[in-house]
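Going from the sequence shown to the numbering used here is simple: count from 1 and add 3.
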Amino acid sequence: MKSAERTVKILETLAASPTRLTLSELQERMGYPRSSLHALVRTLRELKWVEADETGSAFGVGPHALLSGTAYLDRDPALRFAQETLEDLRGEIGYTIHYARRDDAHVLYLASREARDSGGRVSRVGRRLPAHVTALGQALLAELTEAEVDELLPFQLEALQPRSIVGRAALHEELDVVRKRGWAFEREQNTEGVACVAAAVGYRIPATDAISCSMPADHATPGHVEEVADAVTRHTAALARRLRHEGIR
4 MKSAERTVKI LETLAASPTR LTLSELQERM GYPRSSLHAL VRTLRELKWV
54 EADETGSAFG VGPHALLSGT AYLDRDPALR FAQETLEDLR GEIGYTIHYA
104 RRDDAHVLYL ASREARDSGG RVSRVGRRLP AHVTALGQAL LAELTEAEVD
154 ELLPFQLEAL QPRSIVGRAA LHEELDVVRK RGWAFEREQN TEGVACVAAA
204 VGYRIPATDA ISCSMPADHA TPGHVEEVAD AVTRHTAALA RRLRHEGIR
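Structure representation (structure tokens):
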């Protein structure tokens with residue numbers, strides 16, 4: 004059991020790192036014995052779940068890691084319907100649209116439709132971000148009680164940008180606003196120059212999925228944000244009704 008847990012932790016640590024990691028860096032981040040790490044990484048390399056750079060000393064996730072993620076997306080019953088909604092919403096408002104699911108204190112991006120003028124920005128599908136700094140995450144955290152949020156989130160809230168909410172009281176205040184108006188808004192809390200509107204897709208109680216619209220921060224005037232929020236909430240509500248009608252929970 005310990006070996007299986009360590010294997011999964013190695014993959015999660017490598018996946019979370021923007022660069023490849025050496026064994027020393029893995030050991031520093033994970034605290035496992037170097038001999039144990041070496042043996043597990045070697046096995047993962049042989050199975051193509053981990054790959055090394057040209058020197059053989061730095062490691063990242065390998066091609067077989069993609070198989071599990073793709074299988075998850077292919078088998079998710081809600082995503083087929085969500086993809087249509089993302090396409091329709093992008094067609095209406097023109098901005099980049101994301102579909103994400105809460106994963107404990109994070110959100111996991113499951114589908115995206117890039118703005119047609121996105122300039123080749125990389126899709127966030129498969130990325131995982133702290134829920135408290137994303138509009139998607141705030142929309143989903145607002146589905147929980149204050150006590151549930153406190154139990155879920157880490158004691159120290161991570162800051163990704165200078166505007167990130169890191170105070171628990173400030174976060175609860177923001178979540179109260181989200182609950183009252185039915186959608187979340189954040190400006191440059193996780194990405195510089197980007198603002199985002201999101202709403203939960205209420206086919207489960209509490210909702211686990213949400214849809215967001217990302218726009219340049221300088222486009223996010225109060226009036227325009229309201230227009231985008233109206234479109235996002237209409238489409239999320241329609242998707243939730245359709246999923247419930249299809250018996251998807």
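Idealized CB from N, CA, C, for every residue including glycine.
All values derive from a computational prediction rather than experimental measurement.
Using 8 Å for Cβ pairs, my map puts residue i next to residue j. What's the rounded Cβ distance?
i      : j      : result
Tyr112 : Arg127 : 4 Å
Glu189 : Ala138 : 5 Å
Ala61  : Leu24  : 6 Å
Ala108 : Leu156 : 5 Å
Arg45  : Glu54  : Wrong, their Cβ atoms sit about 12 Å apart, outside the cutoff.
Tyr206 : Leu246 : 4 Å
Arg104 : Asp212 : 5 Å
Trp52  : Leu14  : 6 Å
Ser167 : Asn193 : 7 Å
Met33  : Lys5   : That pair is no contact at about 13 Å.
Go ahead and pull the three-state DSSP assignment for residue i.
i      : result
Val180 : helix
Ala213 : strand
Thr22  : coil
Ile251 : coil
Arg116 : strand
Asp106 : strand
Val228 : helix
Leu144 : helix
Arg237 : helix
Ile168 : coil
Gly123 : Unreliable placement is indicated for Gly123, whose pLDDT of 49 sits below 50; the coordinate value is still reported in the next sentence. Coil, per DSSP.
Leu156 : coil
Thr46  : helix
Lys5   : helix
Glu31  : helix
Ala162 : coil
Starting from residue i, follow its DSSP beta bridges and name the residues at the other end.
i      : result
Ile208 : Note: Ile208 sits in no beta bridge, so no partner.
Ile13  : Ile13 is not bridged to any residue.
Val219 : Note that residue 219 corresponds to Pro in the displayed sequence, not to Val. Paired residues: Val197.
Ala202 : Ile214
Ala111 : The amino acid occupying residue 111 in the given sequence is Leu; Ala does not appear at that position. Answer is Arg104 and Arg131.
Arg244 : Beta-bridge pairing links Arg244 to no other residue.
Phe188 : Val200
If you drop the 5 nearest sequence neighbours on each side, which residues of the same chain put their C-beta closer than 6 Å to that of residue i?
i      : result
Glu154 : none
Thr88  : His238 and Leu242
Ala232 : Trp186 and Val200
Gly196 : Ala220
Val136 : Leu163, Ser167, Gln192 and Asn193
Ala68  : Trp52
Arg182 : Ala145
Ala198 : Arg190, Met218, Ala220 and Ala223
Residues in the same chain with beta-carbon distance under 8 Å from residue i, minus the five sequence neighbours each way, listed in chain order, please.
i      : result
His175 : Glu149 and Val152
Gly72  : Gly129
Which residues in the same chain have their Cβ closer than 7 Å to the Cβ of residue i, if we skip the five residues on either side of it in sequence?
i      : result
Gly123 : Here the model assigns Gly123 a pLDDT of 49, short of 50, so the residue's position is not dependable, and the following value carries that caveat. Closer than 7 Å at Cβ, skipping near neighbours: no residue.
Gln86  : Ala114
Asp56  : Arg23
Leu76  : Leu82 and Leu113
Are any of the Cβ atoms in chain B nearer than 8 Å to that of residue i?
i      : result
Ala210 : Chain labels in this structure do not include chain B; a single protein chain is all it has.
Mind listing, in chain order, the continuous beta strand (DSSP E) runs of no fewer than 3 residues lying wholly within the stretch 54-98?
61-64
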